[in-house]
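If you use the UniProt record's numbering, the sequence shown corresponds to residues 1 to 328, in order. To keep things clear, I will list the structure first and then write my remarks on it.
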Amino acid sequence: MDSQGDSYFTNLLNDDSAYDLSNEYENQFEVTQNIDKELNQRRRTKNFTTDEDILLISAYLNISIDTIQGNEQKSVTYWERVHRYFHEHKKFPSTCNANSLMKRWSIIQLAINTFCGNYAQIEARSQSGVNEQDKICHAMELYKSIQCSTFQFIHCWNELRFAPKWLIDNSHKKTKALKNASPATSSSSTQDSINLGDNEVGDTFVGLERPMGRKASKERVRNEKGKRIVDMSASSTLKFEEYMEDIKVRDKKRQEEKDRLHAQGQHRLTIEEEKNRIKNEKLQLERSKEEERIIAIDTTNMPPMKKTYYEYIQMEIIKKKISSTFGE
């Protein structure tokens, strides 16, 4: 973790494409002489809200990529522009001055670069069954175990993690940092630390990463555009495959539901047919009993007309029985 954080800051100081920051640091020293006294006393800074942090990051990103201002920006001018951007775009009450914004950014930058090293260690483990949220949680636990304080800037990290200036080629940066770093620089960088618990300000001030030149900026835009096209193509292919898979799943569920309803219909039909069969058998049994009763009637003492009627019915019943028995 420390080596990655050190490499990041060492590279900012030694990168061939970076600014010559000597004048800026001199100006920053003048601006922050009174601030350093407060830092040494380790007093708490004003509590920043999440909205203030996010707007500060937006100001930092927008002002940093302003290639028109470029390397001529001095520290005082730079933070005046950040301060102006902050208050022009705020949608909430805030009285932060340029110095407080500069101190707050130093705290955020230190914490996030430390957390980036923790997150890189977790990613390097390549653990199976670990999703993105799990990695973030593990990185926060690692941060807490080393720094002895909770990582308070996850909202800032989420804003910065995909910003172009934070998407650094780690292998290139490591090689260059190791090549350019002196033993004294490495030693002092390793020993510097900051306690971020409850917004306490440590005694380390982070030098700002300055915007790149026009040529490098254009080259980066071209590279990012090409990368976005490749990413969009891969993303479109993946989305299409997911869409087709989703259609297959829905079709399968639809067919299963259709089969289930058909089976239910067949079951209901079978039950209905069985009910009708039982009903018909019951009616047939009742009819047979009635016919047997009529056949058993003695017509000897009946009046002639009644006798003729029952004898006729008896004869019809007998004919029907003979017909059903012998098929005549």
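Quick reminder that beta carbons are idealized off the backbone N, C-alpha and C, glycines included.
Distance check between Ile317 and each of Thr299, Phe326, Asp298 and Ile294 places Ile294 closest, using alpha-carbon atoms only. With a 10 Å radius around the Cβ and a threshold of 16 neighbouring Cβ atoms, Asn113 comes out buried.
In the three-state scheme derived from DSSP, where H, G and I count as helix and E and B as strand, Gly226 is classed as helix. Annotated as distal: Asp259 and His155, with beta-carbon spacing of 8 Å or more. The C-alpha of Asp231 is placed about 31 Å away from the C-alpha of Lys252. Annotation: the continuous alpha helix (DSSP H) that includes Ile313 extends over Pro304 to Phe326. With contacts defined as CB atoms closer than 8 Å, Thr299 and Tyr310 qualify as a contacting pair. Restricting attention to Trp157, Glu141 and Leu238, the CA atom closest to the CA of Thr150 is found in Glu141.
Taking all protein chains in view, the Cβ of Ala216 is surrounded by fewer than 16 other Cβ atoms within 10 Å, so the residue is classified as exposed. Pro93 carries a coil assignment under DSSP once its states are collapsed to helix, strand and coil.
Note on Cys116: 16 or more other CB atoms within 10 angstroms of its CB, so buried under the neighbour-count rule. For the set Pro303, Gln147 and Gln133, the Cα lying nearest the Cα of Asn158 is the one of Gln133.
Membership of Asp134 in the alpha helix (DSSP H) is indicated by the continuous run Glu132 to Gln147. Excluding five sequence positions before and after Trp105, the CB atoms of its chain that fall closer than 7 Å to its own CB belong to Leu56 and Tyr60, given in chain order.
Around the beta carbon of Val82, a 10 Å sphere encloses 16 or more other beta carbons of the protein chains shown; the residue is thus reported as buried.
In the assembly as shown, Leu110 is a buried residue. Its beta-carbon has 16 or more other beta-carbons within 10 Å. Looking only at Ile297, Asn118 and Met102, the smallest Cα-Cα distance to Tyr312 is reached by Ile297.
Between His138 and the set Arg228, Ile247 and Glu123, the nearest pair of CA atoms involves Glu123.
Taken through DSSP and simplified to helix, strand or coil, Ser233 comes out as helix. Using a 10 angstroms sphere on the CB of Phe162, the tally of other CB atoms stays under 16, which defines it as exposed. The shortest CA-to-CA distance from Asn223 to any of Gln264, Pro164, Thr237 and Asn118 is the one to Pro164.
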